[in-house]
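Those protein sequences? They're chains A and B, same order as listed. Last residue of the first sequence: 417 in my numbering, with the numbers rising by one and none dropped. Last residue of the second sequence: 791 in my numbering, with the numbers rising by one and none dropped. Every residue gets a Cβ at the ideal spot worked out from N, C-alpha and C, and that includes glycine. Remember, it's a predicted structure, so these values are computed and weren't measured experimentally. Here is the structure we will look at, set down as C-alpha cells.
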Amino acid sequence: MKRGALIVPGLLVLGVLAASIAVRAHARQPDSPAQPPAVPAPPARSTPDQAAAAFKDDVHAKAGLGCESCHGQKTSGGSYAPVARTAIAPMCATCHADASVMRKFAPQVRIDQYAQYQTSVHGRQMAKGDTRVATCSDCHHSHGIVQVRDTRSPVAPAHVAGTCAACHTDAARMSPFNRSPDVFSDWSKSVHADALLKRGDRSAPTCNTCHGSHGATPPGIDAVANVCAQCHVREAELFKASKKAAVFAEMGQSDCLTCHSNHHIVAPDQTWISLEGEAICATCHDETTPGALVIRSVRKGFDDLQQRMRDAEGVLSRAETAGMLIEDGKLAMHDATEAHVRMRVLVHAFASPPFDEVLEEGLAAADKSRAVGDDAMDELQYRRRGLAVATLLILGFLATLFVKIRQLPPS
Amino acid sequence: MREWLAHRVPLDEVEAAIQHKRVPRHRYSVWYYLGGMTLFFFIVQVVTGILLLLYYRPSAEEAYDSVQFIMTRVPFGWLVRSIHSWSANLMVGAAFVHLFSVLFLKAYRRPREITWISGVLLLFVILAFGFTGYLLPWNEVAFFATRVGTDMAGAVPVVGETTVRFLRGGAEVTGATLTRFYGVHVAVLPAITTVLLGLHLLLVQYHGMSVPPSIEARAKTDGRPVPTMPFVPHFALRDLFGWTVALAMLAGLSAYLPWELGHKADPFAPAPAGIHPEWYFLWTFQALKYVPGQVLGLEGELVAIIVMSLGAGALVFLPFIDRNTPRSRAVITWAAAAALVFMVVMTALAFTGDPS
C-alpha cells in the first residue's frame, strides 16, 4: 500500500518535470504560440540533483527559502523526505494564505488560493485522501516555480491548457471521475484557442478563464451564462431579456452551451439560423413551432445584407482596379460590416425588432457603398468618353498640322 | 496698337529676327525637337502645379487628405493631379533624351559651353523637382523613399549629418520635412529654373542650333552649305506637331492610367516591402546595392557618393574636358554610351529583381 502510494506522487513529480521541460522548450520557440500546446508527458519524479538544479531558478529560492522550508530537516539517511501529496496544499498555504508573510515579498499578491482550492473538485477530492487529483505542484511545478506572469510558467495564459491537458487528456485517469478526455482536443479547435494561440491574444479564454484557477470546478448549467457573460456582455444581456431564457430554464437547457457547445466553440455562421437540415435552430424548431417566422426573417436579413455587401464589394473592387478613388464606398462598407457584427450580437434577442433596425442600417450602408462604386464606374466611363473625344480632336489637329507641313514650300 | 507697341518694344526687330531665323536641316534634325518637348512638359507642370496649389495643404496632417480631396471632390482634380504626375515623369524622360542627344551630337562644343552647363543644371533642377514633389502627397511609399534618399547624404564626411538635418528639418522625416520640401518645390526651384531656363533659351536663340561634326565635315567635303529651313513656319509647325503628340500621350496616360495615391504615410509603421524611389533614381538605388560595405578602407556608400559627384562634375564641365579632337570625341561617345547602358541595365534590374 505504502509502495503504491509512493508510485503516484513519484509519477506526478516526473510528469511535472517533463511538463516543465516541454513548457520551457515551447517557450523558447518564437513560433510556438501558433501551434496548439503539446500535452506534457506522464508524471515523473525528479532526482535530488535535478530538483536542486531546478530550484536555483525558483521564485522561492530568490526569496531566501531553502529545501528545509518545505521538506523539513534531512532524514537520518542524509536526504530530504518527499512531501506527501495531501500535505502539499496545506504546506503552501502556511505562507500563501498568510497576509503577514506574503506582504513581505509581494504586497499585492492574493492569499485566497488555498481557500479556493478547498472548494474545487481537486481540493475536495484531495481532502478525501484521493491523491490522483491535482495539487499546487502539479500546475506550478515543485522545484523551479516561476511567477504566473513569467511566460515560462506552466500556468501562463499560453500554457494553461497544456498544463491541464497533462491529466485531462488521460482517458484512464479521467474515467473514474466520469470526465471526458476530449476537452483539450475540443478546445484546441475552438475560436478561443485560435485567438490565444494563433493570434497571440492573451485575453482569450483558456481553461481557467471559465473554470477558475484554484477553485477549478465545472460551471453548472445555471452558471454557464454568467461565465460566458464575463466577455460576451451584450449577448448575455439580450439573452436574459429574451423569451428564450425562460423557455431554456423550464427545459433545463444550458443557456449558451445549447447552441455553441462548451469547449469546441466555433465561429458562428448564419447557416445555423434555419429550419432545415443541420441548422442549429432546426434542432428544436420547425415550421410549426413558435419563432419560425423570426428565424426565417433573421436568416433572410443576414442573406440580404451579405448579398448586397458582396455586390457592392465587386463594384468597388472593379472601380479601384480601374484607378478610381472609392474611399467613401469603403467607409460605407465599413459601416455595413459593423452593422453585420451588431446583427450577430442581436440574434441573441431571439426577436425581430432590435435586429431589423440594425439590418436596415446595414442595408443602407451597403447600398451607399454600391452607389459610390456605381458612380465611380459611371465617372470612369465619362472620362473614357471624354478622352475619346479629346483624342479625336488631337488626332484631327495632328492630321491638319501634318498636311500643312507637307504643303509648305521647299526651304 | 502695333505702332504704339513698336515705339515701346523692339517689335520690328524681333519680328525680323524670327523671319530670318533658320534651322539646320539634316538627318539628325529630329533630335532638335526634344528640347522643345521638355519645355512643353515644363509649361504643363507650371499650369497644373498652380491649379494644385489652390487646394493642396502642406502639412503632415492635411497633405494626404488634401490630395485625396483634389482627386475625389474637385472637378477635374483627378485629371489635373494625374497630368501633373505623368508630365513630371515625361519631362524627366524628355530631358534625359535631350541631354544624351546633345551629348552624342557634340552640340556642347564652343561656343555653346554655357548653353550646355545651363542645360545640365536644369536637368539637376528637374530631378530636384521630382525628389521634392514625390514626398508632397505624404503617402507611404514617398515617405519611406524620402527617408532612404535623405539618409544617403549622411554618408558624406563632416557635413553629412548637418546636411541630413538641413534636408529633413530635424533628425527624422516629419511634417517639417514636408513643409520645407514644399517650399523648395514651389518657390526655390521655380526661381532657379526661371533664371537657368531664361539663360538657356536666350543662348539657344543667340547661337542657333548646333550642326553635328559629321554633317559639318560632309558639307565641307561637298563644298555646299548645310541645308536649312525657316524657323517660322517650317520648324515651328514641326515643333507644334511634337507638342501635340506629347499632349496626346499625357491625356491618354492620365485618363487610362491615373496616378495612384497609395496609403497615407504613418511614420510609426514599419517600412513596407518594395520601397523604391521614382524610376529616374532607380539606377543609383540599384547600383548602391552592389557597392561593398568597405572600398579601399573607405565606407562603400561614401565612395559611391564620391563617384557620382565626380560623374556629375564631369557632366557639367564636359565642354572643357572634350578637346574637340576626333579621338577625344570618340572617347566621350563611348563613355556616354557605357553610362547610358549602365543606367538602363541598373534600372531594368531594379524593376525585375528582388523587391527587397
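Among all the DSSP beta bridges, which residues are the ones paired with residue i?
| i | result |
| --- | --- |
| P445 (chain B) | Bridge partners of P445 (chain B): none, in fact. |
| K699 (chain B) | B:N574 |
| L733 (chain B) | B:V730 |
| T663 (chain B) | B:P459 |
Just to confirm, is the Cβ distance from residue i to residue j under 7 Å?
| i | j | result |
| --- | --- | --- |
| H346 (chain A) | L401 (chain A) | no |
| S522 (chain B) | V479 (chain B) | yes |
| A529 (chain B) | M472 (chain B) | yes |
| T861 (chain B) | L404 (chain A) | With chain B covering only 436 through 791, there is no way to say anything about residue 861 (chain B). |
| R457 (chain B) | P665 (chain B) | yes |
| V65 (chain A) | Q131 (chain A) | no |
| S196 (chain A) | V230 (chain A) | no |
| V594 (chain B) | T585 (chain B) | no |
| P377 (chain B) | V780 (chain B) | Outside the shown range of chain B, which is 436 to 791, sits residue 377 (chain B), and nothing can be said about it. |
| R376 (chain A) | V364 (chain A) | no |
| V532 (chain B) | L474 (chain B) | no |
| H149 (chain A) | A57 (chain A) | yes |
| M315 (chain A) | L386 (chain A) | no |
| V527 (chain B) | G565 (chain B) | yes |
Whole angstroms are fine: how far does the CA of residue j sit from the CA of residue i?
| i | j | result |
| --- | --- | --- |
| K410 (chain A) | L634 (chain B) | 32 Å |
| T100 (chain A) | T169 (chain A) | 25 Å |
| H77 (chain A) | G258 (chain A) | 49 Å |
| H198 (chain A) | S191 (chain A) | 13 Å |
| Y490 (chain B) | V239 (chain A) | 47 Å |
| Q236 (chain A) | Y715 (chain B) | 58 Å |
| A95 (chain A) | Y120 (chain A) | 7 Å |
| T787 (chain B) | T719 (chain B) | 15 Å |
| H165 (chain A) | D63 (chain A) | 19 Å |
| A33 (chain A) | V608 (chain B) | Confidence at A33 (chain A) is low in this model, with a pLDDT of 35, below 50, so its placement is unreliable and the value that follows should be read with caution. If I take the Cα positions, the gap works out to 38 Å. |
| K374 (chain A) | L281 (chain A) | 32 Å |
| A671 (chain B) | L407 (chain A) | 11 Å |
| F504 (chain B) | T327 (chain A) | 19 Å |
| K541 (chain B) | A690 (chain B) | 38 Å |
| H128 (chain A) | A140 (chain A) | 6 Å |
| T656 (chain B) | V646 (chain B) | 15 Å |
| V738 (chain B) | M339 (chain A) | 52 Å |
| Y388 (chain A) | T507 (chain B) | 15 Å |
| L733 (chain B) | V742 (chain B) | 13 Å |
| Y519 (chain B) | G484 (chain B) | Note that residue 519 (chain B) is His in the sequence shown here, rather than Tyr. H519 (chain B) and G484 (chain B): Cα-Cα distance of roughly 7 Å. |
| S744 (chain B) | Y499 (chain B) | 34 Å |
| D292 (chain A) | A210 (chain A) | 35 Å |
| A396 (chain A) | A700 (chain B) | 35 Å |
| V730 (chain B) | P693 (chain B) | 43 Å |
| A288 (chain A) | P359 (chain A) | 22 Å |
| A704 (chain B) | T581 (chain B) | 15 Å |
| H372 (chain A) | A318 (chain A) | Per the sequence presented here, residue 372 (chain A) reads as Ala, with His not at that position. Going from the Cα of A372 (chain A) to the Cα of A318 (chain A) covers about 6 Å. |
| P648 (chain B) | H620 (chain B) | 39 Å |
| I650 (chain B) | L538 (chain B) | 15 Å |
| E596 (chain B) | P493 (chain B) | 25 Å |
| I279 (chain A) | V233 (chain A) | 24 Å |
| A103 (chain A) | G368 (chain A) | 54 Å |
Where does the unbroken alpha helix (DSSP H) through residue i begin, and where does it stop?
| i | result |
| --- | --- |
| M778 (chain B) | 761–787 |
| I756 (chain B) | 753–756 |
| P655 (chain B) | In the sequence under discussion, the amino acid at residue 655 (chain B) is Lys, which differs from the Pro named in the question. Looking at the DSSP string, the run of the alpha helix (DSSP H) that includes K655 (chain B) is 648–657. |
| C262 (chain A) | Here C262 (chain A) belongs to no alpha helix (DSSP H), and DSSP marks it neither H nor E. |
| W521 (chain B) | 512–539 |
| P360 (chain A) | 358–413 |
| G589 (chain B) | Here G589 (chain B) belongs to no alpha helix (DSSP H), and DSSP marks it neither H nor E. |
| T629 (chain B) | 624–642 |
| F601 (chain B) | 595–603 |
| G610 (chain B) | 610–618 |
| S464 (chain B) | Note, S464 (chain B): premise wrong, no alpha helix (DSSP H); not H, not E. |
| D674 (chain B) | 671–691 |
| P96 (chain A) | 91–102 |
| F720 (chain B) | 717–724 |
| Y499 (chain B) | 498–507 |
- Message: In chain order, what are the residue ranges of uninterrupted alpha helix (DSSP H) at least 4 long that sit wholly in the segment 272–338 of chain A?
- Response: 298–327
- Message: Quick check on the DSSP output: what are the complete alpha helix (DSSP H) runs of length 4 or more inside the segment 218–256 of chain A, in order along the chain?
- Response: 230–234, 239–247
- Query: In chain order, which alpha helix (DSSP H) runs of at least 4 residues are fully inside the segment 151–207 of chain A?
  - Reply: 163–174, 177–180, 189–194
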